[in-house]
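Line order of the protein sequences matches chains A, B and C.
Per full-length UniProt numbering, residue 1 is the first one in the first sequence, and the count goes up by one each step.
Per full-length UniProt numbering, residue 1 is the first one in the second sequence, and the count goes up by one each step.
Per full-length UniProt numbering, residue 1 is the first one in the third sequence, and the count goes up by one each step.
Here is the structure we will look at, set down as structure tokens.
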Amino acid sequence: MGVTLGQLASLVEGTLHGDAQLEISGASIIRDSQPGEITLADHPKLAKDLARCSAAAVLASGEFAPADMPVIVVANVHDAFAKIVAQFRPNLAQHKPGVHPSAVVADSAVIAADASIGPLVVIGEGVSIQSGVVIQSGAQIGAGSVIGAGTFLFPGVVLYENTIVGANCILHASCVLGAFGFGYDSASGKHLLSSQLGNVVIGDFVEIGAATTIDRGTYGPTVIGDGTKIDNQVMIAHNCRIGRHNLICSQVGVAGSSTTGDYVVMAGQVGVRDHVHIADGAIIGAKAGVASDIGAGLNVIGSPAIPAKDKKLEVALLSKLPEMRKQIKALLARVAELEKEDELRKTA
Amino acid sequence: MGVTLGQLASLVEGTLHGDAQLEISGASIIRDSQPGEITLADHPKLAKDLARCSAAAVLASGEFAPADMPVIVVANVHDAFAKIVAQFRPNLAQHKPGVHPSAVVADSAVIAADASIGPLVVIGEGVSIQSGVVIQSGAQIGAGSVIGAGTFLFPGVVLYENTIVGANCILHASCVLGAFGFGYDSASGKHLLSSQLGNVVIGDFVEIGAATTIDRGTYGPTVIGDGTKIDNQVMIAHNCRIGRHNLICSQVGVAGSSTTGDYVVMAGQVGVRDHVHIADGAIIGAKAGVASDIGAGLNVIGSPAIPAKDKKLEVALLSKLPEMRKQIKALLARVAELEKEDELRKTA
Amino acid sequence: MGVTLGQLASLVEGTLHGDAQLEISGASIIRDSQPGEITLADHPKLAKDLARCSAAAVLASGEFAPADMPVIVVANVHDAFAKIVAQFRPNLAQHKPGVHPSAVVADSAVIAADASIGPLVVIGEGVSIQSGVVIQSGAQIGAGSVIGAGTFLFPGVVLYENTIVGANCILHASCVLGAFGFGYDSASGKHLLSSQLGNVVIGDFVEIGAATTIDRGTYGPTVIGDGTKIDNQVMIAHNCRIGRHNLICSQVGVAGSSTTGDYVVMAGQVGVRDHVHIADGAIIGAKAGVASDIGAGLNVIGSPAIPAKDKKLEVALLSKLPEMRKQIKALLARVAELEKEDELRKTA
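Here you go:
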């Protein structure tokens, strides 16, 4: 796997300052770099870390190119470093077109010739798998589901019946689309499950994290809009309609029938109650609890969520509470003293 | 799939006001309705949305039957609409009795003749599967487990050894029953796992959401009572004993050895510490952190959780903090002024 | 399964006070104990519960040995009780060395002769499975992964490509190691996934809970240190570096590139933002939101997390807010009255 610094400079079409014959053994970030490896520095503030690290060479941009070690200068440091890392860590997985013999595929399923169906995958009746789809091992595709062109499913994904996934999506391991909504009518002391006749409909270019769950609608679809990215362990409840290009971080929960506009961002562990709307471009801070509609472009935090500047003021004031309490006690004493004086004067 | 409005009225035994020959192409909620479809309206406040939607007809109750579009009037709108939606969305999944040839079943397992075991299911030694059970593809049933009559397991469910599931339960995809409890004795700088000899025991008519995890007891069972419904991504720790007919919403976490009475409700993302008891009928608000016992019928919110009315007062007062701080500052100035006057008078 | 109290006393090398011929039918904790069973009491405060329970005998330590029922006295109650419970609940699972015929194993994988690979496991190209490893049914091991000696994988575990797991680890059902980090560059209205060239590296003696997800690094590894124990439904994001012997409870989320020292404890539902460091021995209370670095040995709670003693003061003061508000109002009235008197006096 030996490669020279000159070869790496050619690979990324960069300008080399240093010994082109230097052997490079690997690529890693500054924190993890070992002797003989190349690292990257995307910001001048990393100069000190870089000086201390063990790397033999560095990939940097024109603005920041350290003089004291071999450097490859490029315009886009991240794109170039990704190419170099890939050089040292070739992708092992083979996705040969075709259906692995251990997969269990229903007779009525239709699978594109260039799709790749991995070992021990189960595909139900009436499923449609379109061109270029990759389904890795152990995924379970419920009857009537449709998977759009170019979409990639990691191991253990579960699609319940009639799930519709768009094109060019990525579904990570063990995510579950289409489980029953948590809706009950309570009658005579028992909780009776509501209808579960809807499904889940995912747009194009959507990414869904590992162990994320998106429940089916009561009668119609739960919808995730085009371009939206959802992290691991997120819960989207029945009847929700998530807009386009949202970013939903890990462990967020959105309760039933809530909706979002486009370009909404929710940080980690946010909770959203049922039947609220979060408008275009709103940003919900980590751990916020959204209990009512949020206007377009607003930045809210806290639980219940309020505008970030109000919450920050509140937090600052909370730290003043001990002082405030002391001041009130002192005032009470001083006013009592003044009242006593005043009383004396009156009776004098 | 063409069906007339008259046929749908007969199906739900409703009273039709409008053209019985009208062709209906589908059924969906107001938000999603398309031309040619029937929708439902379960409340007069929906009148405006209904007027704006594209539906060709509506299902409504007697109290609210719009005059300007074809309507089927029924007593129970939701039951009737479920029948209509089912008409348009037939259930594709076939659950034929028998064991799929790709399933791996231990010799000592006993499976009822009318149970349905799907593709690539694994069933361990000594497992008992009772009448009418359906186990969908890819589920893993640990040795010694028992699954009661009429219970339904979705794909990818994992039961560790000796898990006992009652009758008529629903277990959603990728839930995990019986993993080790998170209990450690820390000795000489290492964390040593406590005993994991218990199991998980689920009552009858229990529903467990996707990716929910319920850990085994240390020596005895972790118990979920009859009729309790648990949403997705809930965590119930070792030795817990959840009562009957609880409703536990998504992303709730209950720590070790805590217990609940009957008809307890926990909203989303609640956390309950270890060794506390939540009594019958208590309601725990979203994101609450329960740090001590909660009395019967109490409604608590916040973290630490306190009665909802106290918490609401606290939130209201928090919004007064800036005003309070200003008032204290003004008081300090005014009292200082009075004291100065008083001092002058005394020395006068 | 009949066993006498005398046999149990021998098993645990304890001192028996009572009838050695008494037949014991099972073992359970006080709360769950049935007639004929033996229970344990590890603390004098349990005397009352013990007197009320149905157990036929008890295992206790010297300090606390009730006089009125048969008792086996031992030094370490928990170790002894675990032996007794195991006696009544033999482990059913057989882990015979070898590869189950239904497993799908790539030609280039190397599997130790004494490893046990269960039914329907999938093992990718270039995987290395070392001595004594047990992989239960339905696990998916991505290409290039390494699993160290003595490590145990429960059903449905998913390892993405190139995951490195140390020796003597326990990975619980449906945990997912190596899914993509949630990092995006947003350009021209679209979110473009960052590089996913790193992997996950797990130390020795690490335990990982059910449905926990640990994402791969951008270029290098996400690391979990030796001896660290992680509960169910925990999320560790890309590029994190968790120290040794941490205890991370259920539903914790740690955002990208954050790091911890050794012996850190995080209670349930903690959230940690990206790029912070939690130093050795810090304790993060349940539901805390860590928004900045935490010093060694600190105990923090709340969101944003602050030292526990400050937070407790804050909570106490919050409960005083209604009183403080009343006091301020009263002060305002009293000072106004004094000012009026003062004014009168001046104008007199």
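Where is the CB? At the ideal position from N, CA and C, for every residue including glycine.
Asked	Found
Against chain A: residues of the region 149-177 of chain C by CB proximity under 8 Å	G156, V158, Y160, E161, N162, S174, V176
Contacts around S250 of chain C, its chain only, beta-carbon distance under 6 Å, and the 5 residues preceding and following it disregarded	D231, N232, Q233, G268
Sub-7 Å separation of G225 of chain B and F205 of chain B beta-carbons	no
Proximity below 7 Å, CB of N239 of chain A to CB of G217 of chain A	yes
Terminal residues of the beta strand (DSSP E) in which D185 of chain C lies	184-187
C-beta neighbour in chain B for G268 of chain C, strict 7 Å	yes
Where N162 of chain C falls, given that 16 or more other Cβ within 10 Å makes a residue buried	buried
Residue interval of the alpha helix (DSSP H) (run including E37 of chain A)	Note, E37 of chain A: premise wrong, no alpha helix (DSSP H); beta strand (DSSP E) at 37-41.
Collapsed DSSP secondary structure at F88 of chain A in the structure displayed	helix
Inter-stretch contact at 8 Å, needing at least 3 Cβ pairs: the region 75-87 of chain A / the region 97-112 of chain A	no
Limits of the unbroken alpha helix (DSSP H) element including P322 of chain A	308-347
Proximal residues, the region 66-77 of chain B versus chain A, C-beta separation under 8 Å	none
Of the listed residues A:Q130, A:P119, A:V127, A:I123, nearest to E125 of chain C (C-alpha basis)	A:P119
Straight-line gap, G148 of chain A to G132 of chain A (C-alpha atoms, nearest Å)	9 Å
Within chain B, the residues that K311 of chain C reaches when beta carbons sit closer than 8 Å	Within 8 Å Cβ-Cβ: nothing; K311 of chain C doesn't reach chain B, min ~10 Å.
Chain A contact residues for M324 of chain B, given Cβ-Cβ distances below 8 Å	M324
Distance between beta carbons of I236 of chain B and V265 of chain B, contact taken as under 8 Å	At roughly 15 Å, the Cβ-Cβ gap does not stay under 8 Å, so V265 of chain B and I236 of chain B are not in contact.
C-alpha distance - H95 of chain A paired with A187 of chain C, whole-angstrom precision	29 Å
Neighbourhood of A143 of chain A by C-beta, 8 Å cutoff - its chain only, sequence neighbours within 5 removed	A106, G124, E125, G126, V127, E161, N162
Element boundaries [beta strand (DSSP E), containing A9 of chain B]	Per DSSP, A9 of chain B belongs to no beta strand (DSSP E); it is in the alpha helix (DSSP H), 5-11.
DSSP three-state assignment for L46 of chain B, whether helix, strand or coil	helix
Rounded straight-line distance, which links the Cα of C175 of chain A to that of A173 of chain B	9 Å
Under 9 Å by beta carbon: chain C residues contacting residue 388 of chain A	Missing from the structure shown is residue 388 of chain A; chain A here goes from 1 to 348 and no further.
Contact set between the region 275-300 of chain B and chain A, restricted to residues whose Cβ is under 8 Å from the partner	A286, K287
Other residues of its chain near I170 of chain C: CB distance less than 6 Å, five sequence neighbours each side excluded	F152, E207
Residue-chain proximity (A336 of chain C, chain A), Cβ-Cβ < 7 Å	no
Complete alpha helix (DSSP H) runs within the region 234-306 of chain B (minimum length 4 residues, chain order)	none
C-beta neighbour in chain B for Q140 of chain A, strict 7 Å	yes
Contact list for K320 of chain B against chain E, beta-carbon separation under 7 Å	This model lacks chain E altogether, as its protein chains are A, B and C.
CA-to-CA distance, H191 of chain B to H245 of chain A, given in whole angstroms	43 Å
Nearest-angstrom beta carbon gap, Q327 of chain A and residue 351 of chain B [assumed within contact, 8 Å]	Any property of residue 351 of chain B remains undetermined from this structure, which presents chain B solely from 1 to 348.
Burial state of K48 of chain B (16 or more Cβ within 10 Å)	exposed
Contacting positions in the region 195-214 of chain B - beta carbon closer than 8 Å to chain A	F205, E207, G209, A210, A211
F306 of chain B versus V300 of chain B: straight-line alpha-carbon distance, rounded	The displayed chain sequence assigns Ile, not Phe, to residue 306 of chain B. Between I306 of chain B and V300 of chain B, the C-alpha separation is close to 5 Å.
Spatially closest choice to D274 of chain A from A:V290, A:A255, A:A286, by CA coordinates	A:A255
Residues of the region 108-139 of chain B whose Cβ lies closer than 9 Å to any Cβ of chain A, in chain order	G118, P119, L120, Q136, S137, G138
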